[in-house]
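Below is one structure; the comments refer to it alone.
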């Protein structure tokens, strides 16, 4: 065999060998990358499962705490209100005691639903807030002696359920603050429902009496309310007015996905 022929034969053997080695190396590198990616995805999934377990444990703890403490206190309140209604001789006191008992029973029912959601860990369908509930909310506040007017423009039925619920909470929290901090004030609620947005303005005048007994609390009602409004793409402003009163102004989109 001549040297030239041997050289050509050697090249003919080495060339395919190099190609095979290159292919095998490429397959090895690709397999290592896929294994590393799968390992990273598995680790991420394990972290998600651990985080979900931690959230489930926290929900269970909160549900137990609410059931053992808050429900117990509400039950006592309802029982005391019922006893006061039976023992009172004054019609006004009996009526106030009955309203307190009714409100306590409603709160207990809502709290039990919430505890059930927390314990199950499943998403629950939140009941829609129909327009007439806003009228009942205003009527309940008026029954306690608050001078209040409600003016509605447009059709609230066109709003999506999430927006109706948020608007209801805006009015509810605003009225709670009037009861606590502005006794004797005149309160005006104006709702404007348009094709693309809804605006709720709750304005009260200067209080005519000193605040009575105010329940202790962190005072984060408006802060939490602003966060709730922003979650549905709205804005909320709140602050004192020039005449010594207070105004809450919330603007929300008419529709957000449920």
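In UniProt numbering, the protein residues as written are 1 to 258. Note that beta-carbon positions come from the ideal geometry of N, C-alpha and C, so glycine has one too.
message = Do residue 221 and residue 188 count as a contact pair if the criterion is CB distance below 7 Å?
response = For residue 188 and residue 221, no; Cβs fall outside 7 Å.
ask   = Among 19, 147, 199, 168, which residue has its Cα nearest to the Cα of residue 182?
value = Ranked by how close their Cα comes to the Cα of residue 182, the residues 19, 147, 199, 168 have 147 in first place.
inquiry  = What does the alpha-carbon distance come out to for the pair residue 226 and residue 237?
reply    = For residue 226 and residue 237, the distance between alpha carbons rounds to 8 Å.
query = So, is the C-beta of residue 60 closer than 7 Å to a C-beta in chain D?
reply = The chain labelled as chain D is not found in the depicted structure, where only one protein chain is given.
ask   = Using DSSP with H/G/I as helix, E/B as strand and the rest coil, what is residue 157?
value = Helix at residue 157.
inquiry  = As an exercise, report each continuous beta strand (DSSP E) stretch of at least 3 residues that is fully enclosed by the region 130-198, in chain order.
reply    = Runs of the beta strand (DSSP E) inside the region 130-198: 147-153, 186-193.
ask   = Going by alpha carbons, who is nearest to residue 254 out of 233, 239, 242, 243?
value = Nearest of 233, 239, 242, 243 to residue 254, Cα basis: 233.
query = To the nearest angstrom, how far is it from the Cα of residue 197 to the Cα of residue 228?
reply = Residue 228 has its alpha-carbon roughly 16 Å from the corresponding atom of residue 197.
task = Please list, in chain order, all residues of the same chain as residue 218 whose beta carbon is under 7 Å from its beta carbon, the five residues on each side excluded.
result = Because residue 218 sits at a pLDDT of 44, beneath the cut-off of 50, its placement in the model cannot be relied upon, and the following sentence gives the value as read from the coordinates. Around residue 218, the same chain offers no residue with a beta carbon nearer than 7 Å, after the five sequence neighbours per side are excluded.
request  = State buried or exposed for residue 28, treating a residue as buried only when at least 16 other CB atoms are found within 10 Å of its CB.
outcome  = Classification of residue 28: exposed, given that the 10 Å Cβ count is below 16.
query = In whole angstroms, what separates the C-alpha of residue 176 from that of residue 192?
reply = Straight through space, the alpha carbons of residue 192 and residue 176 are spaced by roughly 21 Å.
request  = For residue 22, count neighbouring Cβ atoms within 10 angstroms of its own Cβ and tell me buried if that reaches 16, exposed if not.
outcome  = Around the C-beta of residue 22, fewer than 16 other C-beta atoms lie within 10 Å, and the residue is accordingly described as exposed.
query = Bridge partners of residue 240, per DSSP?
reply = The partner list for residue 240 (beta bridge, DSSP) reads 246.
query = Which two residues bound the contiguous alpha helix (DSSP H) that contains residue 83?
reply = Where residue 83 is concerned, the enclosing alpha helix (DSSP H) starts and stops at 71-87.
Separation of residue 139 from residue 153, as counted between CA atoms = For the pair residue 153 and residue 139, the Cα-to-Cα distance works out to about 18 Å.
query = From the DSSP output, which residues share a beta bridge with residue 235?
reply = By DSSP's assignment, residue 235 forms a beta bridge with 251.
query = Buried or exposed: which applies to residue 50, given that a residue is buried once 16 or more other Cβ atoms fall within 10 Å of its Cβ?
reply = Residue environment analysis places residue 50 among the exposed positions, since fewer than 16 neighbouring C-beta atoms fall within 10 angstroms of its C-beta.
query = Hey, would you say residue 142 sits closer than 7 Å to residue 167, going by beta carbons?
reply = No. Outside cutoff.
task = Going by DSSP, name the residue or residues bridged to residue 203.
result = Residue pairing for residue 203: DSSP places it in a beta bridge opposite 188, 247.
Cβ neighbours of residue 246 in the same chain (closer than 6 Å, five flanking residues each side left out) = Excluding positions up to five away in sequence, the list reads 204, 240.
message = Can you give me the C-alpha to C-alpha distance between residue 32 and residue 48, rounded to a whole angstrom?
response = Answer to the nearest angstrom: the Cα atoms are 24 Å apart.
task = Identify which residue in 73, 37, 208, 45 has its Cα closest to the Cα of residue 111.
result = That would be 73, whose Cα lies nearest to the Cα of residue 111.
ask   = To the nearest whole angstrom, what separates the beta carbons of residue 206 and residue 145, a pair I think is in contact under 8 Å?
value = So it is not a contact: roughly 17 Å between Cβ atoms.
Nearest-angstrom beta carbon gap, residue 86 and residue 104 [assumed within contact, 8 Å] = Cβ-Cβ separation between residue 104 and residue 86: approximately 15 Å, too far for a contact (criterion under 8 Å).
task = Taking residue 133 as the reference, give the member of 164, 158, 107 with the closest Cα.
result = If we check each option's Cα against that of residue 133, 164 comes out closest.
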